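A.B. asks:
Number of protein chains: 4
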Amino acid sequence: MSGNSFGKIFKLTTFGESHGKAIGCIIDGVPAGLAINIDDIQLELDRRRPGQSKLVTQRKEGDKVELLSGIFDGKSTGTPISMVIYNQDAKSKDYSHIADKFRPSHADFTYQEKYGIRDYRGGGRSSARETAARVAAGAIAKQFLKQSGIQVFSWVSAVGTMSLDKPLESLDLTRIESNPVRCPDPETAAAMENYILQTKKQGDTIGGRVSGLITGLPSGLGAPVFDKLHAILGQAMLSINACKGFEYGSGFAGTKMKGSDHNDAFYKDENDQVKTRSNFSGGIQGGLSNGMDVNFNLAFKPVATIVQDQESVDESGNTATVSGKGRHDPCVVPRAVPIVDAMAALVIADFLLRKRMDQA
Amino acid sequence: MSGNSFGKIFKLTTFGESHGKAIGCIIDGVPAGLAINIDDIQLELDRRRPGQSKLVTQRKEGDKVELLSGIFDGKSTGTPISMVIYNQDAKSKDYSHIADKFRPSHADFTYQEKYGIRDYRGGGRSSARETAARVAAGAIAKQFLKQSGIQVFSWVSAVGTMSLDKPLESLDLTRIESNPVRCPDPETAAAMENYILQTKKQGDTIGGRVSGLITGLPSGLGAPVFDKLHAILGQAMLSINACKGFEYGSGFAGTKMKGSDHNDAFYKDENDQVKTRSNFSGGIQGGLSNGMDVNFNLAFKPVATIVQDQESVDESGNTATVSGKGRHDPCVVPRAVPIVDAMAALVIADFLLRKRMDQA
Amino acid sequence: MSGNSFGKIFKLTTFGESHGKAIGCIIDGVPAGLAINIDDIQLELDRRRPGQSKLVTQRKEGDKVELLSGIFDGKSTGTPISMVIYNQDAKSKDYSHIADKFRPSHADFTYQEKYGIRDYRGGGRSSARETAARVAAGAIAKQFLKQSGIQVFSWVSAVGTMSLDKPLESLDLTRIESNPVRCPDPETAAAMENYILQTKKQGDTIGGRVSGLITGLPSGLGAPVFDKLHAILGQAMLSINACKGFEYGSGFAGTKMKGSDHNDAFYKDENDQVKTRSNFSGGIQGGLSNGMDVNFNLAFKPVATIVQDQESVDESGNTATVSGKGRHDPCVVPRAVPIVDAMAALVIADFLLRKRMDQA
Amino acid sequence: MSGNSFGKIFKLTTFGESHGKAIGCIIDGVPAGLAINIDDIQLELDRRRPGQSKLVTQRKEGDKVELLSGIFDGKSTGTPISMVIYNQDAKSKDYSHIADKFRPSHADFTYQEKYGIRDYRGGGRSSARETAARVAAGAIAKQFLKQSGIQVFSWVSAVGTMSLDKPLESLDLTRIESNPVRCPDPETAAAMENYILQTKKQGDTIGGRVSGLITGLPSGLGAPVFDKLHAILGQAMLSINACKGFEYGSGFAGTKMKGSDHNDAFYKDENDQVKTRSNFSGGIQGGLSNGMDVNFNLAFKPVATIVQDQESVDESGNTATVSGKGRHDPCVVPRAVPIVDAMAALVIADFLLRKRMDQA
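Those protein sequences? They're chains A, B, C and D, same order as listed. Okay, so the first sequence: first residue is 12 according to the working numbering, each after it adds one. Okay, so the second sequence: first residue is 12 according to the working numbering, each after it adds one. Okay, so the third sequence: first residue is 12 according to the working numbering, each after it adds one. Okay, so the fourth sequence: first residue is 12 according to the working numbering, each after it adds one.
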């Protein structure tokens with residue numbers, strides 16, 4: 012049974028393989044009358060697109076999005092919005108050497124086991140190329156959030172052992188896009204860039220961490236029990252290729268705290284808004300937003316494709332040697348940023364609509 | 012829109028408030044012909060039940076489960092299985108003092124904001140009492156997994172700053188239930204127990220970490236893209252009260268590794284099974300199980316109810332002082348263990364059924 | 012995979028077998044703050060309850076509904092509402108004679124084929140007893156509709172070959188409950204009652220037709236394409252035991268009309284409301300309500316249990332003779348009326364909530 | 012909230028407007044390894060395509076389907092199959108005259124009411140053009156059914172007052188495509204064709220009836236309670252544009268029968284298969300298939316677009332006159348046939364997969 016849809020009301024379904032004819036999506040449930048700016052969608056796709064800097068794969072994809080339905084006179088009509096991106100630079104021959112071999116820590120083996128058949132070219136459906144469809148959809152979600160004054164941000168907060176240790180309050184999030192690493196602190200960004208390039212030279216790859224922030228949320232967003240805001244946010248983030256961990260608010264560090272330090276005292280601010288003095292809750296209590304900013308961290312493993320010989324097996328179970336040849340990123344986190352943004356926006360858009368049913 | 016259901020095929024819907032008439036659930040989608048042992052369900056509930064040791068709340072709940080439907084001659088019939096647990100020891104008067112005040116880092120404020128009305132007694136729906144229904148359902152899921160030789164384990168691997176640092180391979184998981192902390196290492200367990208009791212004496216609480224392991228999985232379990240095995244496992248775990256983080260395989264530590272160290276080389280073992288030499292993937296590649304054990308860690312925050320005065324506001328927005336009076340746990344992690352087991356079992360049961368549709 | 016849930020937002024899941032411990036349901040998605048009158052729920056159950064007149068089965072069920080969750084201070088809290096009805100008069104011994112035989116035109120054979128096991132007592136899950144849970148849920152849906160001035164009506168419009176041929180406009184729908192047949196025309200009702208009793212004396216059963224009307228609907232209710240208002244209404248009605256057909260508006264008779272006669276001309280009434288001069292559309296155009304009344308007809312087959320010997324087979328495939336012994340209705344349509352009402356109310360309640368997401 | 016998806020496992024989502032850039036769909040949940048014949052998909056689209064005979068609209072649409080994903084080496088891979096059909100002959104100018112007027116018995120008014128905006132060109136999303144996507148998807152479903160020896164048939168059994176009165180057993184269903192009316196009896200077909208052409212000459216339209224048959228079904232297909240096989244089949248059929256009624260088995264005529272005549276006696280045939288002597292059940296008992304053929308009838312209203320002046324209102328509520336100008340069918344039923352086939356195939360494909368979860 013498929014897992015290609017996300018969201019209950021603002022619902023995204025993606026399709027497409029890395030080296031197939033096209034990738035794309037249907038977003039069903041976008042309310043009617045929303046002004047849709049196509050340039051803003053393309054802008055987000057350009058952020059995710061490969062070939063932007065030395066840090067990322069040089070695969071050349073124009074990634075031009077085409078809108079097929081659901082929009083009339085520049086506005087959503089309430090009907091499904093379909094978008095398609097035709098694959099242009101799909102060098103399938105790059106992958107013939109792995110047609111019957113399983114690349115370590117890739118999805119080759121597990122797809123073969125599950126389906127008995129797989130489109131091995133560039134990882135097929137398991138390729139991060141699929142996330143372009145998410146980014147396009149997330150761009151529409153962002154336009155919906157804008158109406159409510161909600162913003163999503165994410166940035167690289169660690170690369171390998173090098174981390175950004177400044178407090179959130181001191182960061183200038185307008186600078187995320189000012190450097191190829193997508194770290195809002197220019198000095199750290201420069202060091203990280205160097206670190207990544209050195210790793211690349213070694214034919215190796217490195218992991219990292221992305222941090223996220225959602226501002227302007229109303230209180231009461233999310234749902235009790237299984238669809239807690241952070242649970243769905245967690246699913247959304249963990250569904251991004253290479254993501255190995257999710258924490259929000261105080262996260263894993265908070266496990267070491269006492270309740271008396273961890274509890275967020277309520278007070279009323281000068282605008283008669285209920286606020287909390289600290290925010291170890293990460294803006295979420297009982298699975299529902301409390302009006303404070305939502306913050307979270309994501310762990311990304313090192314990219315599995317390395318330009319080194321590796322031990323593996325082939326489809327017949329014989330020992331085989333695999334070596335990366337395609338064009339790949341030495342570090343995935345800078346390109347993960349627009350995907351994280353997109354998933355965060357999709358989560359919030361869905362809950363904003365779900366919130367409309369809270370009261371009779 | 013509600014979030015009270017979990018699973019797509021083996022589907023659980025829970026109901027009930029902490030101090031309402033009853034809590035319970037419907038599990039829809041249990042295949043017919045499964046032998047259901049009611050004693051095993053009760054056994055799991057007894058593990059979660061309060062009042063078992065000095066470490067946990069002394070609320071006395073018999074938590075006797077009653078099966079209302081879906082079983083005939085000791086076997087599932089393919090129709091919905093409904094279970095109910097009547098609330099017995101619901102001391103509602105304990106909560107009148109917070110009828111119009113918001114306890115810090117609880118769900119009081121956010122539920123009020125969302126619904127405009129809330130059952131304040133014991134946290135109502137937001138209370139962890141709801142998880143008893145999950146544990147009952149998980150017990151049935153476990154019986155389904157047993158058929159396929161799959162087992163789920165979880166245990167306390169850290170309490171506050173005190174952690175169990177032995178390698179997974181060295182742990183004897185049959186000892187998890189041998190102590191009230193549910194830590195498989197007796198020495199560490201004793202130290203943790205002491206630590207928790209000291210925290211309790213201070214009227215304070217402490218967080219901790221639960222680790223989990225799933226063994227015996229077939230390969231190809233999970234779904235691509237949004238329903239990756241670890242993404243749904245993450246949602247399941249993050250939906251447990253007080254859970255603040257989820258990581259699997261190498262998790263956050265893996266972000267610091269190089270690809271050449273992190274990749275799990277494939278080989279064929281003596282039984283012609285494809286295995287990996289290391290397991291940084293945590294048994295999951297491309298969102299699908301690869302046949303290795305699945306492992307994960309969960310962060311739990313310190314319990315929010317502390318026996319100390321705390322700054323807050325009331326429903327009118329006026330400053331108020333809140334102090335815990337009810338019966339609560341100083342540390343939630345020991346009681347979280349059966350809930351983690353249950354959620355893991357539910358995730359796997361659902362994917363086992365979903366796997367039946369993989370091939371034509 | 013189960014089919015025990017109905018509705019996307021105002022979502023009902025029922026459980027229970029005819030002669031099991033209890034039947035009941037969870038309604039998830041009832042918005043918070045709705046005043047819930049328990050007496051009104053019981054009233055609807057009493058309408059459906061057997062033993063009310065000579066026309067229906069004499070099985071004595073108190074059918075007392077018990078509310079387990081989701082309501083606080085007389086109002087819905089936005090959390091799942093669970094209701095249970097314990098089975099009291101379950102004479103299981105009546106059914107031992109069919110433990111291994113398949114009653115003709117019942118669900119015995121198909122359940123056995125599907126599940127390999129079945130609770131044969133009184134039809135188990137396939138019994139119309141399950142509809143009591145629908146009626147309880149429908150009663151809550153009705154209370155939600157009342158807020159918006161929407162009403163649902165249904166009545167018996169034909170029994171066997173005897174039909175009520177007066178135009179809809181001439182019927183006094185307040186008289187539906189004035190007779191055991193639930194036909195709003197007293198004379199026709201008396202004749203139908205006689206007809207049913209004669210059929211009963213012959214140890215036989217007879218089919219019939221139920222007609223429905225929904226008034227006070229806003230325009231734009233329903234959804235395009237697959238969830239057209241009449242398509243979901245059709246599913247709802249066809250899911251009622253013994254229902255064999257559904258038509259709305261001009262229905263099957265309309266197939267014989269010309270477009271020039273069938274089209275409903277628009278005009279603006281004295282209150283500046285857009286109305287249609289005729290209503291062959293049955294209040295629905297393009298799957299969405301147009302503000303006119305929605306009307307529909309349902310076909311119900313004759314009850315399958317007859318007090319006559321019938322040819323059949325047993326579980327081993329041997330020829331067997333089956334004869335009805337339990338207590339059953341000679342004609343199902345009078346008791347179908349409150350069930351039709353309930354399903355109509357559930358359909359509309361769900362779409363009313365879905366409508367909240369139409370515009371940005 | 013959207014209604015653009017159908018099916019729970021073999022799940023279709025369609026997109027596209029009549030005069031937008033393209034229409035298309037994603038089918039998610041097609042099991043891997045199914046051989047997909049693209050020519051067979053095109054063949055079904057050609058059956059539905061306008062311009063085939065004098066009976067149907069002369070709009071020229073190549074309706075060439077393009078497969079974008081989910082297929083590799085001629086087989087399904089278990090990933091979403093996306094298909095797109097670009098709109099070629101979209102004469103939008105034909106519709107400018109109704110940009111702000113509501114055509115009687117069309118969806119213009121209700122879409123405007125629901126969404127506050129509508130793509131008025133050719134009915135936009137409400138146009139039957141959307142069904143081309145269903146037909147493409149249904150063609151894949153048919154290929155899946157073929158594996159199990161299941162076939163779906165549908166044909167025109169009435170046009171206006173002219174009906175095919177021969178018994179089902181006497182019909183040669185291989186002749187359905189032998190004439191433009193799609194009636195398997197050549198004589199009746201010729202008369203119907205004449206009848207339709209006469210109606211066309213009058214600038215008028217006429218309704219009709221489509222009958223369907225599904226053969227080769229295993230027993231136990233369908234689901235209890237709300238997802239009864241006939242309930243979902245009913246929803247599927249009622250979701251087809253202009254469909255006003257659905258009945259299966261004995262249908263509305265069966266309401267006049269006695270139980271003793273209507274019950275289908277079981278017997279064992281010469282191959283030790285359990286069969287029924289009659290089939291008033293229409294192959295479905297308790298919502299589950301019993302292994303006999305499933306049969307059903309559908310009512311279609313006369314096409315709403317007529318070449319005559321009609322009274323209506325415009326968006327401002329002023330009285331307006333509307334007259335059909337576009338290219339339209341005088342009778343929709345011949346072209347409905349491939350759509351009915353497609354929906355039937357989709358229903359059965361979904362239940363075939365759902366059936367895999369019945370037993371433990």
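All residues carry an ideal CB built from backbone N, CA and C; glycine is no exception. Please read all numbers here as calculations on a predicted model, not as lab measurements.
1) At a CB-CB cut-off below 9 angstroms, which residues of chain C make contact with D/GLY223?
2) State yes or no: is the C-beta of C/ARG365 within less than 7 angstroms of the C-beta of C/ILE20?
3) When you compare only the Cα positions, how much space is there between B/ILE47 and D/GLY27?
4) Are the beta-carbon atoms of A/SER323 and A/PHE155 separated by less than 7 angstroms?
5) Using alpha carbons as the reference points, say which of C/GLN99, C/LEU299, C/GLN319 lies closest to C/GLN213.
6) For C/ALA331, tell me which candidate among C/ASP111, C/PRO341, C/VAL95 has the shortest Cα-Cα distance.
7) Note down, in chain order, all residues in the stretch 235-267 of chain C with a beta-carbon under 7 angstroms from any beta-carbon belonging to chain D.
8) Within 10 angstroms of its Cβ, does D/ALA201 collect 16 or more other Cβ (buried), or is it exposed?
9) Cutting at 7 angstroms between CB atoms, please list the residues of its own chain near B/THR24, excluding the five before and the five after it.
10) When you compare the stretch 144-159 of chain C with the stretch 249-266 of chain D, are there three or more beta-carbon pairs, one atom per stretch, that lie closer than 8 angstroms?
11) Would you say C/PHE17 lies against chain D (beta-carbon separation less than 7 angstroms)?
12) In whole angstroms, give me the CA-to-CA distance for D/PRO42 and D/VAL76.
13) Curious, which full-length beta strand (DSSP E) runs of at least 3 residues does the stretch 275-319 of chain A contain?
14) Establish whether the CB of D/THR121 and some CB of chain C are separated by less than 7 angstroms.
15) Spell out whether any CB of chain A is found under 7 angstroms from the CB atom of B/GLU322.
16) Leaving out five residues before and five after B/ILE295 in sequence, what residues of the same chain have Cβ atoms less than 8 angstroms from its Cβ?
17) Residues of chain D with CB under 7 angstroms from A/ALA43, in chain order?
18) State the Cα-Cα distance for the pair A/ASP39 and A/ILE350, rounded to the nearest angstrom.
19) Looking at C-beta atoms only, is the number of pairs between the stretch 249-259 of chain C and the stretch 188-201 of chain C that lie closer than 8 angstroms three or more?
20) To the nearest angstrom, report how far apart D/THR88 and B/SER230 are at their CA atoms.
21) Would the stretch 206-222 of chain A and the stretch 270-289 of chain A be scored as touching if the rule is three or more Cβ pairs under 8 angstroms?
22) Along the alpha helix (DSSP H) that carries D/ASP271, what are the first and last residues, could you check?
23) How big is the Cα-Cα spacing for A/VAL170 and A/SER292?
24) For C/ALA353 and C/PRO313, what's the separation of their Cα atoms in angstroms?
25) Taking any Cβ of chain C, which residues in the stretch 352-371 of chain A have a Cβ under 7 angstroms from it, in chain order?
26) May I ask you to report which of helix, strand or coil DSSP gives A/SER261?
27) For the beta strand (DSSP E) that contains C/THR332, what are its first and last residues?
28) I want to verify the contact list: residues of chain D whose CB lies under 7 angstroms from the CB of C/VAL374, in sequence order.
29) My output table needs one value for D/ASP119: the three-state DSSP class, helix, strand or coil.
30) Does any C-beta atom of chain A lie closer than 7 angstroms to the C-beta of C/ILE34?
31) May I ask you to verify whether the stretch 171-179 of chain B touches the stretch 90-99 of chain B, counting CB pairs closer than 8 angstroms and requiring at least 3?
32) DSSP on B/ILE34, reduced to helix/strand/coil?
33) Can you tell me the Cα-Cα spacing of D/LYS326 and D/SER64, whole angstroms?
34) Just curious, the beta strand (DSSP E) that B/THR226 is in, first and last residue?
35) With a threshold of 7 angstroms between beta carbons, is A/GLN319 in contact with chain B?
36) In chain order, what residues of the same chain lie with their CB nearer than 8 angstroms to the CB of B/ILE359, ignoring the 5 residues before and after it?
C.D. replies: The relevant details are as follows:
1) Within 9 angstroms Cβ-Cβ: nothing; D/GLY223 doesn't reach chain C, min ~14 angstroms.
2) yes
3) 48 angstroms
4) no
5) C/GLN319
6) C/ASP111
7) From the stretch 235-267 of chain C, only PRO235, VAL236, PHE237, ASP238, LYS239, HIS241, ALA242, ILE243, GLY245, GLN246, LEU249, SER250, LYS255, GLY256, PHE257, GLU258, TYR259, GLY260, SER261, GLY262, PHE263, GLY265, THR266, LYS267 have a Cβ closer than 7 angstroms to chain D.
8) exposed
9) ASN15, SER16, CYS36, ILE37
10) With a cut-off of 8 angstroms, the stretch 249-266 of chain D and the stretch 144-159 of chain C do not count as touching, because too few Cβ pairs lie within range.
11) So yes, C/PHE17 belongs to the interface.
12) Annotation: D/PRO42 to D/VAL76 spans about 21 angstroms, alpha carbon to alpha carbon.
13) For the stretch 275-319 of chain A, the continuous beta strand (DSSP E) assignments of 3+ residues that do not extend past its boundaries occur at 277-279, 285-287, 305-311, in sequence order.
14) yes
15) At a cut-off of 7 angstroms between beta-carbon atoms, B/GLU322 makes contact with chain A.
16) GLY233, LYS239, LEU240, HIS241, TYR259, GLY260, ASN301, VAL305
17) TYR126, GLY127, ILE128
18) 19 angstroms
19) no
20) 17 angstroms
21) no
22) Just to set this straight, residue 271 of chain D is Ser in the shown sequence, not Asp. First-last of the alpha helix (DSSP H) with D/SER271: 270-273.
23) 26 angstroms
24) 21 angstroms
25) LEU364, ARG367, MET368, ASP369, GLN370, ALA371
26) Reduced to three states, the DSSP call for A/SER261 is coil.
27) DSSP places C/THR332 inside the beta strand (DSSP E), whose first and last residues are 330-334.
28) Since the first residue of chain C shown is 12 and the last is 371, residue 374 of chain C is not available in this structure.
29) helix
30) no
31) The stretch 171-179 of chain B and the stretch 90-99 of chain B do not touch, with fewer than 3 CB-CB distances between them shorter than 8 angstroms.
32) strand
33) Rather than Lys, the amino acid found at residue 326 of chain D in this sequence is Glu. Rounded to whole angstroms, D/GLU326 to D/SER64 spans 36 angstroms at the Cα level.
34) 219-226
35) yes
36) Excluding positions up to five away in sequence, the list reads ALA152, LEU156, ILE161, VAL163, ILE225, LEU228, LEU232.
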